[in-house]
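**Q** So that we are looking at the same thing, I have put the structure below in structure tokens.
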Amino acid sequence: MITSLSDKQIQHLYWRTGFGISASELKTVRVLSKTQIIDRLFEESKESTPLSMSFGALEKNSKELSREERKQLRQLRNKKMSELNTLWLKQLIDTDQVLREKMTLFFHDHFAVRLRTPRACIHLNNIIRKHALGNFGDMLMEVSKSPAMLLFLNNKQNRKDHPNENFAREVMELFTLGRDNGYTENDIKEAARAFTGWNFNKNGTFVFRKNHHDYGTKTIFDKTGSFTGEDVIKILLEKKQTARYLTEKIYSYFVNETINKNHIEYLTTIFYDTNYDLQALVRAIFKSDWFYSSNNIGTKIKSPIELIVGLSKSFQVQYEDPKVLLYLQKKLNQMLFFPPNVAGWTRGRAWIDNSTLMLRLKLASLTLNSGVIEWHEKGDMPENMIIRQQAYKKIKSKLQKKVKAIPNWQAFLDDLEQKNKSELTNFMLQPNLSETAKVIVSKLEAKDTKNFVIELLSLPEYQLC
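If you want the working numbering, it's the 1-based position in the sequence shown plus 1261.
Right, dumping it as structure tokens:
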């Protein structure tokens, strides 16, 4: 059993549970045992800080408004969705509750909802945050009854004479059991009847419409009774496959996309036997020795949000116009509150394609140095660097004009313990360098620390954590 962690293992833990670690924090936790570092992460995320914003005219009843007023209301709704996006992104960057926010980000994808209804979206986001390190069953029940989920999966229209199967299907396929894992079309049809009557009032409070509910006998998973929606969720939680499905997704998110069946069985048993205690599950992951194996370090492609937040957090970046954060999310194919569909984002290699690769590689330079890398001693530069230098100089596009970021370089540089090539490379990059990267780094001049760091972050290795 590993009792202490190397710097690289600590950085691995902090990237997977959050968005990296500063040099000063690394110095602080380096003297702690593995257990103490893990306890510290959970203690920092003990409390939950909900997102909060005013909605103004959105409180009005659209049925009482004129056509022009309804148009203005739609415009305001879109504006508030953009504000909500940047509000959460700022919290991801600034928060000390990093593990809770990282879990919230995971379940934001798991319970993928795409709506232009800011009140419902912030409400759902805060439900997830509240339960992110608590009980999954409690989260599932409250999420299922939230206005966002009732709207998005049409359960508001689910009535005894005209049952709507959308939510019943997705709660099995995506939220609990997993696709084609132990349920039938008949189970979905019968469960849909159980969820009839679920609705909410104008204040967003869940209500059960008795007149819309099907009180008849239903047979679900070979059990027969006059089941309600709550009963169906309890039945789903009784199935160990639900614990296994969630465990596999969380393992893929925190550890490795390549699943180790022995690890999964061990973790599934913990999760199921603790009645879906999320803290118990993720603690077991971080306390294991295999989590810190070299096979798991630097193997995960950062999501666009992890990339943007990690960069912004490390350099305390301020953006002149927060709208650029929306622009970057859109260009990198992950916009908070707008997953592509109910299945959420396709992670891993799907994050990188021809349209996103160049922006991902240029992001550090665009954010930290206005898109320009300042080279010195040009005679010593390899040819591929000269080509990249010329490419950077040509960046006078709207992208460069849009970013307008102000990094706190002084704070970052003052924070560093070591400024030699080897130490900086190990600190800034998680994976081992490729042979090409080794050649590039060997030819870089490290005297200009700022420029050296930017060039390190422009390597493909920075895309991994």
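Where a beta carbon is used, it is the ideal one built from N, C-alpha and C, also for glycine.
Run through the stretch 1303 to 1379 for me and flag every whole alpha helix (DSSP H) of 4 or more residues, listed as ranges in chain order.
**A** 1328 to 1355, 1359 to 1371
**Q** Three-state secondary structure (DSSP) at N1732?
**A** This structure leaves residue 1732 out entirely; the chain is present only between 1262 and 1726.
**Q** Counting only the same chain and skipping the five closest in sequence on each side, list residues whose C-beta sits under 8 Å from that of L1587.
**A** Position 326 of the sequence shown, counted from the first residue, corresponds to residue 1587. So the list reads S1343, N1346, T1347, M1596, once near-sequence residues are dropped.
**Q** Is the distance from the Cβ of G1490 to the Cβ of W1459 below 8 Å?
**A** As a position in the sequence shown, residue 1490 is number 229, starting the count at 1. As a position in the sequence shown, residue 1459 is number 198, starting the count at 1. It is a contact, given that the beta carbons lie within the stated cut-off.
**Q** Judging by CA-CA distance, which residue of T1296, I1271, D1300, G1279 is the nearest neighbour of K1288?
**A** Locating residue 1288 in the sequence shown gives position 27, where the first residue counts as 1. Of T1296, I1271, D1300, G1279, the residue nearest in Cα terms is I1271.
**Q** If you compare alpha carbons, which of M1262, S1564, Q1577, L1435 is closest to D1614?
**A** Residue mapping note: residue 1614 aligns to position 353 of the sequence shown, counting from 1. When the alpha-carbon of D1614 is set against those of M1262, S1564, Q1577, L1435, the nearest one is in S1564.
**Q** For I1634, count neighbouring C-beta atoms within 10 Å of its own C-beta (all shown protein chains included) and say buried if the count is 16 or more, exposed if not.
**A** In the sequence shown, residue 1634 corresponds to position 373, counting from 1. Because I1634 carries a pLDDT of 42, less than 50, the predicted location of this residue cannot be relied on, and the following value inherits that uncertainty. It is buried - the Cβ of I1634 has at least 16 other Cβ atoms within 10 Å.
**Q** By Cβ distance, which residues of its chain are closer than 8 Å to E1305, with the 5 residues on each side in sequence left out?
**A** Here residue 1305 refers to the residue found at position 44 when the sequence shown is read from its first residue. Here the set comprises D1357, Q1358, V1359, L1360.
**Q** According to the Cβ coordinates, are G1281 and H1384 closer than 8 Å?
**A** Position 20 of the sequence shown, counted from the first residue, corresponds to residue 1281. Position 123 of the sequence shown, counted from the first residue, corresponds to residue 1384. It is not a contact, given that the beta carbons lie outside the stated cut-off.
**Q** Measure the alpha-carbon distance for I1562 versus C1726 and round it to whole angstroms.
**A** Locating residue 1562 in the sequence shown gives position 301, where the first residue counts as 1. Locating residue 1726 in the sequence shown gives position 465, where the first residue counts as 1. Separation of I1562 and C1726 (C-alpha to C-alpha, rounded to the nearest whole angstrom) is 7 Å.
**Q** Within a Cβ cutoff of 8 Å, which residues of the same chain sit near I1566, ignoring the five residues on either side of it in sequence?
**A** Here residue 1566 corresponds to residue number 305 of the sequence shown, with the count starting at 1. Leaving aside the five residues that flank I1566 on each side, the residues in its chain whose CB is nearer than 8 Å to its CB run, in chain order, L1350, L1353, L1366, Q1590, Q1595, L1597.
**Q** Report back the beta-carbon spacing between L1572 and L1618 to the nearest angstrom; my notes put them in contact at under 8 Å.
**A** Position 311 of the sequence shown, counted from the start, is the residue given in the question as residue 1572. Position 357 of the sequence shown, counted from the start, is the residue given in the question as residue 1618. Between L1618 and L1572 the Cβ distance is about 16 Å, and since that is not below 8 Å, they are no contact.
**Q** Apply the 10 Å Cβ neighbour rule to E1308 and answer buried if 16 or more other Cβ atoms are within range, or exposed otherwise.
**A** Within the sequence shown, the letter at position 47 stands for residue 1308. A residue is called buried when at least 16 other Cβ atoms come within 10 angstroms of its Cβ; E1308 does not meet this threshold and is exposed.
**Q** Confirm, please, whether the CB-CB distance from S1313 to D1676 is below 8 Å.
**A** By one-based count along the sequence shown, residue 1676 stands at place 415. By one-based count along the sequence shown, residue 1313 stands at place 52. The answer is no: Cβ separation not under 8 Å.
**Q** Just how far apart, CA to CA, sit H1524 and F1515?
**A** Counting from 1 along the sequence shown, the entry for residue 1524 is found at position 263. Counting from 1 along the sequence shown, the entry for residue 1515 is found at position 254. In a straight line, the C-alpha of H1524 is about 13 Å away from that of F1515.
**Q** Counting along the chain, where does the beta strand (DSSP E) carrying I1481 start and finish?
**A** For the purposes of this step, residue 1481 is identified with residue 220 of the sequence shown, where counting begins at 1. Per DSSP, I1481 belongs to the beta strand (DSSP E) from 1479 to 1481.
**Q** Are F1576 and N1517 touching if we call contact CB-CB under 8 Å?
**A** Looking up residue 1576 in the sequence shown gives position 315. Looking up residue 1517 in the sequence shown gives position 256. No.
**Q** With DSSP as the reference, label I1496 as helix, strand or coil.
**A** Here residue 1496 refers to the residue found at position 235 when the sequence shown is read from its first residue. Helix at I1496.
**Q** Could you say if the stretch 1430 to 1446 and the stretch 1462 to 1476 meet the contact criterion of at least three C-beta pairs nearer than 8 Å?
**A** Contact fails: fewer than three Cβ-Cβ distances are below 8 Å.
**Q** Does the Cβ of N1712 have 16 or more other Cβ atoms within 10 Å, making it buried, or fewer, making it exposed?
**A** Start at 1 with the first residue of the sequence shown, and residue 1712 comes out as number 451. When all chains shown are included, N1712 counts as buried.
**Q** Count Cβ pairs between the stretch 1369 to 1389 and the stretch 1311 to 1327 that sit closer than 8 Å; are there 3 or more?
**A** Flag = yes, the stretch 1369 to 1389 and the stretch 1311 to 1327 touch.
**Q** Provide the residue span of the beta strand (DSSP E) that contains F1688, from first to last.
**A** Counted from its first residue, the sequence shown places residue 1688 at position 427. Unbroken run through F1688 is the alpha helix (DSSP H), 1682 to 1689; no beta strand (DSSP E).
**Q** Can you tell me where the beta strand (DSSP E) with G1571 in it begins and where it stops?
**A** In the sequence shown, residue 1571 corresponds to position 310, counting from 1. Not the beta strand (DSSP E): G1571 falls in the alpha helix (DSSP H), residues 1565 to 1575.
**Q** Let me confirm a value: G1279 is counted as buried when at least 16 other C-beta atoms fall within 10 Å, else exposed. Which label applies?
**A** Position 18 of the sequence shown, counting from 1, holds the residue named residue 1279. Classification for G1279: buried.
**Q** In whole angstroms, what is the alpha-carbon distance linking E1716 and E1362?
**A** Here residue 1716 is taken as the residue at index 455 of the sequence shown, counted from 1. Here residue 1362 is taken as the residue at index 101 of the sequence shown, counted from 1. About 29 Å.
**Q** Can you say whether K1471 is buried or exposed, counting buried as having 16 or more other CB atoms within 10 angstroms of its CB?
**A** The count along the sequence shown starts at 1 and reaches residue 1471 at position 210. K1471 should be labelled exposed.
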